[in-house]
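A quick write-up on the structure given underneath.
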Amino acid sequence: MNLTDRINNKKLQEIAGKVCGDIPVSMEDALYMLSTNDILDLGIIADYLRKKWHGDITYYGVNMNLNYTNICELRCPLCAFSCDMHDENAFLLSHGEIEERMNRAVGEGIDEVHIVGGLHPELKLGYFEKMLRIIKRVKPDIHIVAFTAVEYEYFAKVNNLSLEEVFKRLIDAGVDAVPGGGAEIFSPEIREKIAPKKISGEKWLDVMLTAHKAGLKTNATILYNHLETAGDIADHLLKIRALQDETGGFKTLVPLQFHEGNTQVKSKGLSTGYDDIRIYSTSRIVLQNVPHIKALWMYIGDKMAQTLQNFGVDDIGATYHNEKVVHAAGAKTPDYGTESFLRRLIETAGFKAVRTAADYRNN
Ligand code: SF4
-3 MNLTDRINNK
7 KLQEIAGKVC
17 GDIPVSMEDA
27 LYMLSTNDIL
37 DLGIIADYLR
47 KKWHGDITYY
57 GVNMNLNYTN
67 ICELRCPLCA
77 FSCDMHDENA
87 FLLSHGEIEE
97 RMNRAVGEGI
107 DEVHIVGGLH
117 PELKLGYFEK
127 MLRIIKRVKP
137 DIHIVAFTAV
147 EYEYFAKVNN
157 LSLEEVFKRL
167 IDAGVDAVPG
177 GGAEIFSPEI
187 REKIAPKKIS
197 GEKWLDVMLT
207 AHKAGLKTNA
217 TILYNHLETA
227 GDIADHLLKI
237 RALQDETGGF
247 KTLVPLQFHE
257 GNTQVKSKGL
267 STGYDDIRIY
277 STSRIVLQNV
287 PHIKALWMYI
297 GDKMAQTLQN
307 FGVDDIGATY
317 HNEKVVHAAG
327 AKTPDYGTES
337 FLRRLIETAG
347 FKAVRTAADY
357 RNN
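Numbering follows our numbering, in which position 227 of the sequence shown is assigned residue number 223; successive positions increment by one, without gaps.
Below, the structure written as structure tokens:
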């Protein structure tokens, strides 16, 4: 039976027809998908694309999170992680502490380090270059996914360098890929409320363009469940799709469920299961040109991450030793998962678990 014959909902049948013909879906299609209650039909389309890209494989990683400082100039209302310089909880890791953490994590068998931090006004580029070199010295084949677009733009400003130069120096020092954080939601009106001092959505896309031109693969994120509308979500996805058409540099889209604990943003409460399913499925269907859709089990919960494998998701995230950002905002999941725990989430849903890193090397 072909894809459209498996779907009862008339509008979703029409969308399935486009997907089968490799025709990009429209803004109107995205808005429909973000509001439909026919999640089973929606899931059939998302699953078709997921299987087309990856068959029955679901990826996971074994990594460490390295949050080098929580001191940040911006203090975005959406952020529960950041501190001012002299706050009691403020921290800045020394190179010695980073080396010690690396040695411990490498002993536990990690393949990847995921590095993000606040915008600390006194840290110059040399601090980051040394950090990266230490990490590669401890484990030369480690995969380093480091610094959001917001951090790269800040490094360029603080060090009076071009973005191109910043990427060049940090690639030389060891960066292998760029995480997708800082995209939040591109809508200027919503950004003004949740992260008014952060770079604009346009600038975020521009930094990613520069990263892709420098030869780096990057992720993209979308933060949902705060003040955004369905139109804002659809617009965000379409902008990522447009840049991907130009560069092909995005590996993965990571939808992130907003947690409001300890932030200054009041959301509608945690998103519902249907909300999550609509966002992930719609992301898979709009971004036909992006290979991976990742559901971080730590944000969305292990049960929903497992379920989303049938709604377009082919990656459930990693072990995340020492995750700080979403836990500062009240996530109830543990702050690390074991490899056997992740494999169980994948295999007991009938998928084949494949361990990988953010570049999906060897896969
Ligand atoms: S979200 Fe990022 S940029 Fe904003 S305050 Fe938190 S750490 Fe700083």
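Beta carbons are placed, not taken as given, at the ideal position from N, Cα and C, and that holds for glycine.
Quiz item: What residues are listed by DSSP as bridge partners for H317?
Solution: Answer is M60.
Practice problem: Compare the Cα-Cα distances from L252 to each of K235, D241 and E224 and report the closest residue. | Solution: E224
Quiz prompt | Three-state class that DSSP yields for F163 in the structure shown | solution = Residue state for F163 is assigned as helix, using DSSP reduced to three classes.
Quiz item: If we ignore side chains and look at the alpha-carbon of each, how far apart do C72 and E147 end up?
Solution: 14 Å
Quiz prompt | 7 Å Cβ shell around A345 - same chain, five flanking residues per side excluded | solution = Q302 and Q305
Quiz item: Based on the DSSP output, what are the partners of I369 in its beta bridges?
Solution: Examination of residue 369 is not possible in this model, given that the chain is present from -3 through 359 alone.
Quiz item: Whole-angstrom Cβ separation of L88 and H116, contact assumed at under 8 Å?
Solution: Rounded to the nearest angstrom, the Cβ distance from L88 to H116 is 7 Å, consistent with a contact under 8 Å.
Exercise. Enumerate, from N- to C-terminal direction, the unbroken alpha helix (DSSP H) stretches of 4 or more residues contained entirely within the stretch 92 to 170.
Key: 121 to 134, 145 to 154 and 159 to 169
Exercise. Measure the C-alpha to C-alpha separation of Q260 and I312 and round it to an integer number of angstroms.
Key: 28 Å
Quiz item: Got a sec, what are the start and stop residues for the beta strand (DSSP E) F246 sits in?
Solution: F246 to Q253
Exercise. Tell me where the alpha helix (DSSP H) around T243 begins and ends.
Key: Segment A226 to T243, the alpha helix (DSSP H) holding T243.
Exercise. Output the distance between the C-alpha atoms of H222 and S277, rounded to the nearest integer angstrom.
Key: When rounded, the distance between both Cα atoms is 19 Å.
Exercise. Grab me the residues of D43's own chain with a C-beta within less than 8 Å of its C-beta, minus the 5 sequence neighbours each way, in chain order.
Key: N306, F307 and G308
Exercise. Verify whether the separation of the beta carbon atoms of L74 and L219 is less than 9 Å.
Key: yes
Quiz prompt | G176 CB to nearest heavy atom of the ligand SF4 below 8 Å | solution = no
Practice problem: Note down, in chain order, each residue of its chain lying with its Cβ closer than 8 Å to the Cβ of I195, except the 5 sequence neighbours on either side. | Solution: A145, V146, E149, G178 and V203
Quiz item: With respect to 8 Å, is the separation between the Cβ of S78 and the closest non-hydrogen atom of the ligand SF4 below this value?
Solution: yes
Exercise. Could you tell me which uninterrupted alpha helix (DSSP H) segments, each at least 4 residues in length, are contained entirely in the stretch 257 to 293, listed from first to last along the chain?
Key: 269 to 282
Quiz prompt | V21 CB to nearest heavy atom of the ligand SF4 below 8 Å | solution = no
Quiz item: Where do the N-terminal and C-terminal ends of the beta strand (DSSP E) with I218 fall, by residue?
Solution: K213 to Y220
Exercise. For my contact list, L249 and A216 are in at a C-beta cut-off of 8 Å; report their separation, rounded to the angstrom.
Key: Contact between L249 and A216 is confirmed by a C-beta separation of about 5 Å, below the 8 Å threshold.
Quiz item: Which residues share a DSSP beta bridge with A173?
Solution: V141 and K213
Quiz item: How big is the Cα-Cα spacing for G105 and I35?
Solution: 39 Å
Practice problem: Return the CA-CA distance between E198 and M(-3), expressed in angstroms with no decimal places. | Solution: 43 Å
Quiz item: Bridge partners of T65, per DSSP?
Solution: L88
Self-check item: Rounded separation between V350 and F337 - CA only
Solution: Their Cα atoms are separated by approximately 13 Å.
Exercise. Starting from Q403, follow the alpha helix (DSSP H) in both directions and report where the run begins and ends.
Key: Here the chain comprises residues numbered -3 to 359, so residue 403 is not present and cannot be evaluated.
Quiz prompt | Helix, strand or coil at I3 according to DSSP, with G and I counted as helix | solution = coil
Quiz item: Where do the ends of the alpha helix (DSSP H) carrying E188 lie?
Solution: P184 to I190
Self-check item: Rounded C-alpha distance that separates L119 from A101
Solution: Going from the Cα of L119 to the Cα of A101 covers about 25 Å.
Quiz prompt | Residues near L234 by beta carbon distance below 8 Å, same chain, minus five either side | solution = M23, A26 and V282
Self-check item: Beta-carbon spacing of L166, E108 below 9 Å
Solution: no
Quiz item: Which of helix, strand or coil does DSSP assign to I312?
Solution: strand
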